[in-house]
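Peer 1:
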Amino acid sequence: DMKRMQAILLIVISLLPVVSLSGQHVALKSNLLYWGTTTPNMGFEFRLGKKVSFDLWGAYNAWEFRNDMSLKHYLVQPELRYWPCQAYEGHFFGLHGHYGHFNMGNIPFIPGMEETNYRGELYGGGLTWGYHWVIGRRWGLEAFIGAGYAYMQYDKYVCYDCTEVIGTYRRHYFGPTRVGVSLIFFIH
Numbered sequence: 157d158m159k160r161m162q163a164i165l166l167i168v169i170s171l172l173p174v175v176s177l178s179g180q181h182v183a184l185k186s187n188l189l190y191w192g193t194t195t196p197n198m199g200f201e202f203r204l205g206k207k208v209s210f211d212l213w214g215a216y217n218a219w220e221f222r223n224d225m226s227l228k229h230y231l232v233q234p235e236l237r238y239w240p241c242q243a244y245e246g247h248f249f250g251l252h253g254h255y256g257h258f259n260m261g262n263i264p265f266i267p268g269m270e271e272t273n274y275r276g277e278l279y280g281g282g283l284t285w286g287y288h289w290v291i292g293r294r295w296g297l298e299a300f301i302g303a304g305y306a307y308m309q310y311d312k313y314v315c316y317d318c319t320e321v322i323g324t325y326r327r328h329y330f331g332p333t334r335v336g337v338s339l340i341f342f343i344h
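Numbering (this note's numbering), first residue to last: 157 to 344.
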């Protein structure tokens with residue numbers, strides 16, 4: 157719900173003043189894999205020290221498709237990253253959180269979602285491993301994968317616009333929680 161989202165944002169904002177933000181590098185990024193789902197997304201990464209950075213990424217999909225197919229959702233994933241060498245170079249390890257709201261269904265190519273719609277929210281966290289390649293003075297590319305936990309609560313409907321609930325569910329999920337290949341532009 158909205159109170160959880162506000163609590164997560166409050167925690168993230170309250171942690172930012174703890175670290176000196178002067179002389180940092182700032183990166184603007186977008187996950188290219190997520191664009192494959194027609195989902196606009198963008199993130200900012202702030203270097204907090206020589207070996208530490210903070211990544212704040214979000215995505216929002218509001219598109220409507222033919223045949224009542226729906227991929228509507230928003231997702232926010234903050235992550236604190238540790239770089240063994242130095243920030244924005246080589247391998248990194250991260251601790252991420254996530255919060256999202258979704259209204260998805262009638263997707264013909266996903267088993268179990270061909271004729272039903274799911275509306276709800278998820279939140280949780282996990283660990284990430286990734287690698288960053290420098291491809292120019294202001295450009296970079298990173299690949300990452302993360303695994304962890306998500307708590308999901310959602311309602312199941314027969315169709316996108318239906319109001320009659322077929323069932324209400326709560327699930328504990330353990331497994332992949334993020335994956336990406338991001339194109340990065342350094343703002344400085």
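In this text, a Cβ means the ideal position worked out from N, Cα and C, and glycines have one as well.
May I ask you to report which of helix, strand or coil DSSP gives Tyr-190?
Peer 2: Residue state, collapsed to three classes: helix.
Peer 1: Are the CB atoms of Phe-330 and Tyr-310 nearer to each other than 7 Å?
Peer 2: No, they are not a contact pair.
Peer 1: Pairing CB atoms from the stretch 264-280 with CB atoms from the stretch 194-209, are three or more of them under 8 Å?
Peer 2: Contact fails: fewer than three Cβ-Cβ distances are below 8 Å.
Peer 1: With a threshold of 16 other CB atoms inside 10 Å of the CB of Glu-220, please say whether the residue is buried or exposed.
Peer 2: It counts as exposed.
Peer 1: In angstroms, rounded to a whole number, what distance separates the CA positions of Tyr-244 and Gly-280?
Peer 2: Taking the straight line from one Cα to the other gives about 26 Å.
Peer 1: Report the three-state DSSP secondary structure of Asn-273 (helix, strand or coil).
Peer 2: Correct three-state label for Asn-273: strand.
Peer 1: So, are the CB atoms of Phe-300 and Gly-323 less than 7 Å apart?
Peer 2: Result no, Cβ atoms of Phe-300 and Gly-323 do not sit closer than 7 Å.
Peer 1: Please go through the same chain and pick out, in chain order, the residues whose beta-carbon is closer than 6 Å to the beta-carbon of Ala-183, but skip the five residues on each side of it.
Peer 2: Glu-201, Ile-340 and Phe-342.
Peer 1: What runs of the alpha helix (DSSP H), each 4 residues or longer, lie entirely inside the stretch 187-267?
Peer 2: Correct list: 188-191.
Peer 1: Please specify which runs of the beta strand (DSSP E), each continuous and at least 3 residues long, are wholly inside the stretch 288-322, giving them in chain order.
Peer 2: With a minimum length of 3 residues, the continuous beta strand (DSSP E) runs that stay inside the stretch 288-322 are 295-313.
Peer 1: Touch check for the stretch 231-247 and the stretch 210-218: three-plus C-beta pairs under 8 Å?
Peer 2: Output reads yes: the stretch 210-218 touches the stretch 231-247.
Peer 1: Below 7 Å between beta carbons: does that hold for Thr-319 and Gly-282?
Peer 2: No, the Cβ-Cβ distance between Thr-319 and Gly-282 is not below 7 Å.
Peer 1: Tell me which residues share the same chain as Thr-193 and place their Cβ nearer than 8 Å to its Cβ, disregarding the 5 neighbours each side in the sequence.
Peer 2: Counting only Cβ-Cβ distances below 8 Å, and skipping sequence neighbours, we find Asn-217 and Leu-227.
Peer 1: Please classify Lys-206 as buried or exposed, where buried requires at least 16 other C-beta atoms within 10 Å of its C-beta.
Peer 2: Answer is exposed; the Cβ neighbour count stays below 16.
Peer 1: Taking the alpha-carbon positions, what's the Cys-241 to Trp-289 distance?
Peer 2: Distance between the alpha carbons of Cys-241 and Trp-289: 13 Å.
Peer 1: Please state whether DSSP places Ile-343 in a helix, a strand or coil.
Peer 2: DSSP places Ile-343 in coil when its eight states are reduced to three.
Peer 1: Would Arg-275 pass as a contact of Asn-262 if the rule is Cβ separation under 7 Å?
Peer 2: Against a cut-off of 7 Å, the Cβ pair of Asn-262 and Arg-275 comes out as no contact.
Peer 1: Is His-328 helix, strand or coil by DSSP?
Peer 2: Looking at His-328 - three-state DSSP - the assignment turns out to be strand.
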